[in-house]
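Numbered according to mature numbering (1 follows the signal peptide of the UniProt record, and there is no 0), the sequence shown spans residues -23 to -1, 1 to 56.
Just below is one structure, and these are the notes that go with it.
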Amino acid sequence: MKIRISVVAALFAGAVLSNVASAHDPALHSAHAAPTGPKAKPTTCEELADRSKFKVDLGDAQTKALKERCEAQAAPKKK
C-alpha cells in the first residue's frame, strides 16, 4: 500500500512539474508586440494622415510635395 501511494505521489509531482515548465510561452505575446522596423514613406493622402504607420518627413521632397497636393485637394475651391 505504501508503494502504491509513493508511485501515485511521484506521478502527480511529475505531472505538476511538467505543466509548470511549459506554462509560459513567450511566443504567445509576440502578436501583441509593436512593430520595430522602420516606418514606410507615405504615397497617398490617407497614408500621409496616418502617422502611426507611416513616417512623415517634410524634409523629404516627395513627402513635402505629397503634403502640398493633399492640402490643395482638401482646400475649398474659390470661384
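Backbone N, C-alpha and C fix where the C-beta goes; we use that ideal spot for every residue, glycine too.
Coil, strand or helix - residue i by DSSP
i: residue 17; result: strand
Separation of residue j from residue i, as counted between CA atoms
i: residue 42; j: residue 31; result: 16 Å
i: residue 50; j: residue 40; result: 15 Å
i: residue 36; j: residue 19; result: 13 Å
i: residue -23; j: residue -12; result: 17 Å
i: residue 52; j: residue 46; result: 10 Å
Of the residues the options, the one placed nearest residue i, counting alpha carbons only
i: residue 15; options: -23, 26, 21 and 33; result: 33
i: residue 29; options: -15, 17 and -19; result: 17
Cβ shell of residue i (< 8 Å), same chain only, five flanking positions each side left out
i: residue 27; result: 19
i: residue 44; result: 25, 33 and 35
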